[in-house]
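*Asks:* Following the numbering used here, the numbering of the sequence shown begins with -10 at its first residue and continues without gaps.
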Amino acid sequence: MIRSLSRTFGVVLLLVLSPLVAGAQSMLTASEFLANVAANYATIEDYTATMVWTDETGTMRGALLYKRPNMIRIDFTQPKDQVIVSNGRVLQIYIPAVNVVLRQDLRGSTATVPGGLATAEGLALLRRNYTVAYLEGPEPVPFSPDSPELVTRLRLDSRQTTEAFRRLILSVDSEGLIRRIEGTRIDWSEVRMTLSDIRVNQRLSDQTFEYTPDPSASISENFLTNPEG
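(1) Measuring CB to CB, does P68 end up less than 9 Å from I84?
(2) I need the boundaries of the alpha helix (DSSP H) containing V26, first residue and last residue.
(3) Give me the Cα-Cα distance between A24 and L213, rounded to the nearest whole angstrom.
(4) For R117, which three-state DSSP category applies?
(5) Taking the straight line between their C-alpha atoms, what separation do you get for E125 and R142?
(6) With distances taken Cα to Cα, identify the nearest neighbour of L95 among N59, D35, Y123.
(7) From N29, L54, V41, pick the residue whose C-alpha is nearest to that of M182; which is it?
(8) Using 9 Å as the threshold, is the C-beta distance between W177 and R144 below it?
(9) By DSSP, does T37 sit in helix, in strand, or in coil?
(10) I170 and T150 - do their beta-carbons sit closer together than 9 Å?
(11) Grab the span of the beta strand (DSSP E) containing Q71 for me, first residue to last.
(12) Looking at I63 and N190, is the spacing between their C-beta atoms short of 9 Å?
(13) Would the beta-carbon of T66 fall within 9 Å of that of R78?
(14) For V140, I'd like the list of residues in its chain whose CB is within less than 7 Å of its CB, leaving aside the five on either flank, ordered along the chain.
(15) Expressed to the nearest angstrom, what Euclidean distance is found between the alpha-carbon atoms of N76 and L184?
(16) Whose C-beta lies closer than 8 Å to the C-beta of D195 among residues of the same chain, with five residues either side of it excluded?
(17) Helix, strand or coil for Q149 per DSSP?
(18) Would you identify the three-state DSSP class for F154, choosing helix, strand or coil?
(19) Quick check on T214: does DSSP put it in helix, strand or coil?
(20) On a Cα-Cα basis, can you pick out the residue from E21, Y30, D35, R92 that is closest to P202?
(21) How is the beta strand (DSSP E) around D186 delimited, first residue to last?
(22) For I208, is the classification buried or exposed, using 16 other Cβ atoms within 10 angstroms of its Cβ as the cut-off for buried?
(23) Helix, strand or coil for F198? Go by DSSP, reduced to three states.
(24) What is the DSSP secondary structure of P204, counted as helix, strand or coil?
(25) Using the beta-carbon count (16 or more within 10 Å), is A13 buried or exposed?
Here it is as structure tokens:
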């Protein structure tokens, strides 16, 4: 169970910490559009959002907070009281259903540090390892069949099978914010993350990303680098 949860949360972090803001859309090729994502993301110090995550295991919902370079916190309402939090030094995931805290020391670790894609370097890697095109052309399309909101959709296809996702689809709204990321894993399973009520540069305090688990919770150390533990 711990191994399965580790895999799920690893993918959640990868998508959550992907670039948040896209640039102006007028007369841009898809590659230029993605380049603007990188340029504009560099101006964001922090953000908050409401997140809905869906994969083959079901749906998770929560309040997402992020601060550069690698601080993150997700307080879930579904599953209730579940928490993912990293202060940049230690990543902790509290799973109330089994009263367990998965903990990973990020200092000097070979584990993937949260926020890897949410940097100029990470975006450069994304642009190098994926081809990019407009999914349905540069013109905005409805966010969902019955929604008045319009989005521009980008399709990114992996150049090699070593990437976590074969394909990513980004839905970007009229304000240049990514509202949805859809991913196809190597095993062809699908994941989807939807963000709403996105607010950037909220001057979040570092203290927001500190977390002390309940003393009664069991601790599983270094679950990313030692998944058998």
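Built from N, CA and C at the ideal position, the CB exists for glycine as well. Being a predicted model, the structure only gives us computed values, none of them experimental.
*Replies:* In this structure, then:
(1) yes
(2) 19 to 30
(3) 31 Å
(4) helix
(5) 7 Å
(6) N59
(7) V41
(8) no
(9) strand
(10) no
(11) 69 to 75
(12) no
(13) no
(14) P129, V130, F132, S160, V161, D162, R168
(15) 22 Å
(16) K56, M60, N76
(17) coil
(18) strand
(19) coil
(20) R92
(21) 179 to 189
(22) exposed
(23) helix
(24) coil
(25) For A13, the pLDDT reaches just 47, beneath the cut-off of 50, and the residue's location in the model is therefore unreliable, although a value from the coordinates is still provided. Exposed is the call here.
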